[in-house]
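**Student:** Handing you this structure, nothing more for now.
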Amino acid sequence: MEPVPREKTVHGLRVALVLIGIAITIPAFLTGAELGLSMGLSRAVPVVLAGGAVLCVIGCFVAVIAARTRLTTYAIIEYAFGVMGAKVVNAVIALTVFGWFSVTAAFFGISIQQALRELWDIAFNLDLLIVVGTVLVVATTLFGFRAINRLALVAVPLLFLVLVWLVYLALENTNLAELLQYQETQMPAGRGITAVVGGFIVGAVIMPDFCRHVHNTAHGLLAAVLHFGVAYPLILIMLTLVSVESGQRDFMSMLAALGLGLVGLLVLVFATWTTNTGNLYSNSLVLRTIFPSLSHYWAIIGIGAAGALFAVMGITRYFIDFLVVLGVSIPPVAGIYIADYFVVRRGRYPAAGAPREGAFNWQAFVAWVVATLVGWVAAIDMITITTVPGSDAIVVAFVLYLLMKGTARPDQIGVL
1 MEPVPREKTV
11 HGLRVALVLI
21 GIAITIPAFL
31 TGAELGLSMG
41 LSRAVPVVLA
51 GGAVLCVIGC
61 FVAVIAARTR
71 LTTYAIIEYA
81 FGVMGAKVVN
91 AVIALTVFGW
101 FSVTAAFFGI
111 SIQQALRELW
121 DIAFNLDLLI
131 VVGTVLVVAT
141 TLFGFRAINR
151 LALVAVPLLF
161 LVLVWLVYLA
171 LENTNLAELL
181 QYQETQMPAG
191 RGITAVVGGF
201 IVGAVIMPDF
211 CRHVHNTAHG
221 LLAAVLHFGV
231 AYPLILIMLT
241 LVSVESGQRD
251 FMSMLAALGL
261 GLVGLLVLVF
271 ATWTTNTGNL
281 YSNSLVLRTI
291 FPSLSHYWAI
301 IGIGAAGALF
311 AVMGITRYFI
321 DFLVVLGVSI
331 PPVAGIYIAD
341 YFVVRRGRYP
351 AAGAPREGAF
361 NWQAFVAWVV
371 ATLVGWVAAI
381 DMITITTVPG
391 SDAIVVAFVL
401 YLLMKGTARP
411 DQIGVL
């Protein structure tokens, strides 16, 4: 795929809003609530900040690559893994992102059905809700990044205002000192950081799909810092506080406890809408690298239809554990393409139009497989380097790739 033309780039703040919109999602609500009730507010806050810092560091490296090259994640992966090798990696990423798209569509239908039943005692058909939600997402994504950006400009400020309002109501019922006194030790700090990082590590890896649209490197860094360093931790901290005050893990139950059931319904709609447009957009990009003849429109419609079908059939219930396991293989990809770009290639890809350097880079594949195994071993608490499996996998991939590849400058270096 061609780099984004300079005249079509946007301010980093607008990209940050899109990324934040993707982060405000049902799994994030669950993560924030779980941290609050399993750790307590005073222990959860530093854990959230630490997890956000890890993501921010990764995100900044990724954002610089994206802003300089203006390429998709999948084009960047081609340079590190080779043209044919990248198809294997991209297929794994495509399956993972598609899976979460379908799971989110199912979560949307179930959550809206539950909300309608609790608010107005309406028994709405689950399959219809899933299809309606998916159609909404597909219709937006068909118009490309600009439409996703416009949606984020409206939805993200509204969602943030609702979260701030929830915090205000929670503090009206109970003062902050009392909330800080709530202590739980069910979850160790390392596992808490893992939950925070794991909640968006795949998003960090595929962030070039969005940061390629920024004006320059400074705007890319702005988007990464605002998203990972500020907004994502703040979202989780606010949800943690509300969960401690309400004693609820379920987001709708939190809102019901504060008398905001209808507001919760709107939040669920906007949160799923912004998140799944991002999932669908990224998924369509990677699918077109595997099947180059597939058009933008048919890729989006096909993924949307298949995702809705999986959700309606209930396959997603058996898919989540598989996606979690598969997700361990995604973080090392970032470690490899970061090492390849910044160290092996000294921050410069071959000139536009130059042939790629081989179909299959075996060093990248060995580093990927070994780092994935390290991430899996860390995830089951056998051996860990940083206490965060995703970070362990990235570090091992980065170091191992450089050890095997060496730091010699590539034969063909030019300005992209």
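First residue of the sequence shown: 1, per full-length UniProt numbering; consecutive thereafter.
Virtual Cβ for every residue (Gly too), placed ideally from N, Cα, C.
Please work out which residues of its chain come closer than 7 Å, Cβ to Cβ, to Ile237, disregarding the five sequence neighbours upstream and downstream, and give them in chain order.
**Tutor:** Cβ within range, chain order: Val45, Val48.
**Student:** Are the Cβ atoms of Tyr182 and Val242 separated by less than 8 Å?
**Tutor:** no
**Student:** By how many angstroms is the C-alpha of Cys60 removed from the C-alpha of Thr174?
**Tutor:** Cα to Cα, Thr174 sits roughly 38 Å from Cys60.
**Student:** Would Ser111 and Met252 qualify as a contact pair, given that the criterion is a beta-carbon distance under 8 Å?
**Tutor:** yes
**Student:** What residue range does the alpha helix (DSSP H) around Thr31 cover?
**Tutor:** 26 to 39
**Student:** For the alpha helix (DSSP H) holding Gln113, just list the boundary residues, first then last.
**Tutor:** 83 to 120
**Student:** With DSSP as the reference, label residue 419 as helix, strand or coil.
**Tutor:** Since the first residue of the chain shown is 1 and the last is 416, residue 419 is not available in this structure.
**Student:** So for Val10, helix, strand or coil by DSSP?
**Tutor:** Strand.
**Student:** Assign Arg212 to buried or exposed, taking buried as 16 or more other Cβ atoms, counted over all protein chains shown, within 10 Å of its Cβ.
**Tutor:** buried
**Student:** What are the boundary residues of the alpha helix (DSSP H) that includes Gly192?
**Tutor:** 189 to 198
**Student:** Mind checking whether Ile26 and Phe107 have CB atoms under 8 Å apart?
**Tutor:** The answer is yes: Cβ separation under 8 Å.
**Student:** Between Val18, Arg6, Pro3, Leu13, which has its C-alpha nearest Thr275's C-alpha?
**Tutor:** Val18
**Student:** The ligand NAP and Ile237: does any heavy atom of the ligand fall closer than 7 Å to the residue's C-beta?
**Tutor:** Of ligands this structure carries none, so the ligand NAP is not represented either.
**Student:** Using a Cβ-Cβ cutoff of less than 6 Å, which residues in the same chain neighbour Ala16 once the five nearest sequence positions on both sides are dropped?
**Tutor:** The residues are Ala223, Leu226, His227.
**Student:** So is Leu161 buried or exposed if we call it buried at 16+ other beta carbons inside 10 Å?
**Tutor:** exposed
**Student:** So, Val205 versus Pro331, is the Cβ gap smaller than 8 Å?
**Tutor:** Yes.
**Student:** Please report the Cβ distance between Ile76 and Asn90, rounded to the nearest whole angstrom; I am assuming they are in contact, meaning their Cβ atoms lie under 8 Å.
**Tutor:** Wrong, their Cβ atoms sit about 11 Å apart, outside the cutoff.
**Student:** With distances taken between CB atoms, is the gap from Glu401 to Ala367 smaller than 8 Å?
**Tutor:** As written in the sequence, residue 401 is Tyr, which differs from the Glu given in the question. Yes, the pair counts as a contact, with Cβ atoms nearer than the cut-off.
**Student:** Could you check if Leu55 is buried or exposed, using at least 16 other CB atoms within 10 Å of its CB as the buried criterion?
**Tutor:** buried
**Student:** For Val374, which residues of its own chain have a beta-carbon under 7 Å away from its beta-carbon, when the five flanking residues on both sides are left out?
**Tutor:** For Val374, where only same-chain residues beyond five positions count, the Cβ hits under 7 Å are Asp392, Ala393, Val396.
**Student:** If you check the beta carbons only, do Thr387 and Ile193 fall under 8 Å apart?
**Tutor:** In contact: Thr387 and Ile193 (Cβ atoms closer than 8 Å).
**Student:** Is it buried or exposed for Phe291, if we count other Cβ within 10 angstroms and need 16 for buried?
**Tutor:** Burial check for Phe291: the Cβ neighbour count within 10 Å stays below 16, so the residue is exposed.
**Student:** Ordered along the chain, which non-local residues of its own chain (more than five positions away) have a Cβ less than 8 Å from that of Ala408?
**Tutor:** Any reading at Ala408 is ruled out, since the residue's pLDDT is 45, under 50, leaving its predicted position unreliable.
**Student:** What does the Cβ neighbour count give for Glu34, buried or exposed, with the cut at 16 atoms within 10 Å?
**Tutor:** buried
**Student:** Return the residue from the list Ile300, Arg43, Ala80 that minimises the CA-CA distance to Val135.
**Tutor:** Ile300
**Student:** Report the rounded CA-to-CA distance for Lys405 versus Gly335, giving the unit in angstroms.
**Tutor:** 13 Å
**Student:** Leaving out five residues before and five after Val214 in sequence, what residues of the same chain have Cβ atoms less than 7 Å from its Cβ?
**Tutor:** Thr9, Val10, Gly12, Val15, Ala67, Gly220, Ala223
**Student:** Count the other CB atoms within 10 Å of the CB of Val164; is the residue buried (16 or more) or exposed (fewer)?
**Tutor:** Burial state of Val164 is exposed, judged by a 10 Å Cβ sphere holding fewer than 16 other Cβ atoms.
**Student:** Take the Cβ of Pro208 as the centre, count every other Cβ of all protein chains shown within 10 Å, and call the residue buried at 16 or more, exposed below.
**Tutor:** With 16 or more other Cβ atoms within 10 Å, it is buried.
**Student:** Spell out whether any CB of chain C is found under 8 Å from the CB atom of Val395.
**Tutor:** As a matter of chain content, chain C is missing from the structure shown, which is built from one protein chain.
**Student:** Report the option in Leu95, Leu128, Leu30, Arg288 whose CA atom is closest to the CA atom of Met313.
**Tutor:** Selection Leu95, Leu128, Leu30, Arg288 evaluated against Met313 yields Leu128 as nearest (Cα-Cα).
**Student:** Roughly how many angstroms separate the alpha carbons of Val83 and Phe342, rounded to a whole number?
**Tutor:** 19 Å
**Student:** Report buried or exposed for Leu179, applying the criterion of at least 16 other Cβ atoms within 10 angstroms of its Cβ.
**Tutor:** buried
**Student:** Go to Ala378, then tell me how far its alpha helix (DSSP H) extends in each direction, as first and last residue.
**Tutor:** 362 to 379
**Student:** Compare the Cα-Cα distances from Val369 to each of Val132, Leu142, Val92 and report the closest residue.
**Tutor:** Val92
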